[in-house]
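2 protein chains.
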Amino acid sequence: MNIKPTVLDFAILGLIQDNSLSGYAIRKMFEETALGSYSSSPGTIYPALKRLQKGGLVEKISQIDSAKSSFKITQQGLLILKSWFLKPIEKVDVEKKINELLLRFGFMESLIDKQQRIHFLISFQEELIKYISELETYYKSEGFKMPLHGKLAFQYGIESNKTTLKWCKKSILQLT
Amino acid sequence: MNIKPTVLDFAILGLIQDNSLSGYAIRKMFEETALGSYSSSPGTIYPALKRLQKGGLVEKISQIDSAKSSFKITQQGLLILKSWFLKPIEKVDVEKKINELLLRFGFMESLIDKQQRIHFLISFQEELIKYISELETYYKSEGFKMPLHGKLAFQYGIESNKTTLKWCKKSILQLT
DNA sequence: TCGCACATGTAACGTGTTACATGATTCA
DNA sequence: TGAATCATGTAACACGTTACATGTGCGA
């Protein structure tokens, strides 16, 4: 299939990887659990499901007794989901897509074996360490030029990445 | 003006609030400084500038000697930018728009007096405290049901908000 | 029976992404 | 002279947002 699922698509696939859900149930999941910060509006979810269906990643299961239907992930969908989990972590991911990395991690437990999940975290960790040292180097050379608010905002970036790094380390320990 | 600028629009306005810049210079700013994680592609920046121009928030200053031109924020633009800085902080902002809050903070220094900037941080802090306690309450009641990765991902959410809170406190001290 | 939550969708719209296109200037 | 960077743009496309639309079932 030559479609690239969006992050939202992957979030849906992640949600229904074990249990089929109705469109409405999926919406509620996005609305109530603060999972990621993904949209739950009908204008987002239903078109996404249609998309995934057309791409062969999910199939619609119609109930006999009622008009309700639910969506089940296909074999294809599972493969695509797995390859998303295992995609190598790049610089740009830690720079701009931390949420997506967390989403990947949050959903990978049952489809990926422990060793590879640990590898995910280690690789995450490595990219974070590189990125943090880049930020600190930049701050050392340019920080003094920045106005107060610029400095503080920049420091926020460093702090928040350090927190992510700590979380990585803790999670690696939890898994081993 | 009945246009709602996007976050990117505001980021551009913030960048040119003191110094006029060319479209290319703006692109480079987004590309090189990791300011926010906003796009720097020509297909994003130039249409945005055209948009802002049409809305009367920036004006194009053409150089006499060359074909180069730069963009200057208008009085209107300054007003709109200010009102963005001063917009009350809501729940949804801390839930899903931390980056936007940081962007607002990072750019507000020269246009907003110190008292109001501190008020921004205090209000930010208050919303964070509420949100963190919501997350912790949820975790206490639902956490035990979550699979390991779910727990860890959820904990990440809590940790990262706590880091933001710490940053808030530190920044309030820095400003006072 | 009134209103709310359940449940599924469509249509218009704007924006960002990607890819393409063009030309000037600088430097090796 | 050729490559890289400066510099500005356009066009197709897909996605998410917002608003609209419709109907069911349940409990007060």
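Residue numbers (our numbering), protein chains in the order written: chain A, 819 to 994; chain B, 819 to 994. Beta carbons are placed, not taken as given, at the ideal position from N, Cα and C, and that holds for glycine. Quick caveat: nothing in here was measured; it's all calculated off a predicted structure.
| Query | Result |
| --- | --- |
| Could you list the residues in the segment 920 to 931 of chain A with a C-beta less than 7 Å from some C-beta on chain B, going in chain order? | LEU920, PHE923, GLY924, MET926, GLU927 |
| Leaving out five residues on either side along the sequence, give the residues of the same chain with a beta carbon under 7 Å from the beta carbon of LYS878/B. | GLN871, SER887, PHE889 |
| On a Cα-Cα basis, can you pick out the residue from LEU826/B, SER880/B, SER901/B that is closest to PRO865/B? | LEU826/B |
| I believe LEU991/A touches GLU927/B by the beta-carbon criterion, under 8 Å. Please report the beta-carbon distance rounded to the nearest angstrom. | Not really, about 41 Å apart at Cβ, beyond 8 Å. |
| Check distances from the C-beta atoms of the segment 937 to 952 of chain A to those of chain B and list, in chain order, the residues that come in under 8 Å. | none |
| To the nearest angstrom, how far is the alpha carbon of LEU897/A from that of ASP931/B? | 55 Å |
| Can you confirm whether LEU970/A, when its beta carbon is compared against all beta carbons of chain B, has any partner nearer than 8 Å? | yes |
| Would you call ASN837/B buried or exposed, if buried means 16 or more other Cβ atoms sit within 10 Å of its Cβ? | exposed |
| Looking at C-alpha atoms only, which residue of SER880/A, THR862/A, GLN893/A is the closest neighbour of GLY874/A? | GLN893/A |
| So ILE891/B is in the beta strand (DSSP E); what residue range does that whole segment cover? | 887 to 891 |
| Residues in its own chain within less than 7 Å of SER858/B by CB, not counting five upstream and five downstream? | ARG845, PHE848, GLU849 |
| Helix, strand or coil: which one does DSSP assign to GLU927/B? | coil |
| Which chain A residues sit within Cβ distance under 7 Å of GLU977/B? | THR981, TRP985 |
| For LYS822/B, name the three-state secondary structure that DSSP assigns. | coil |
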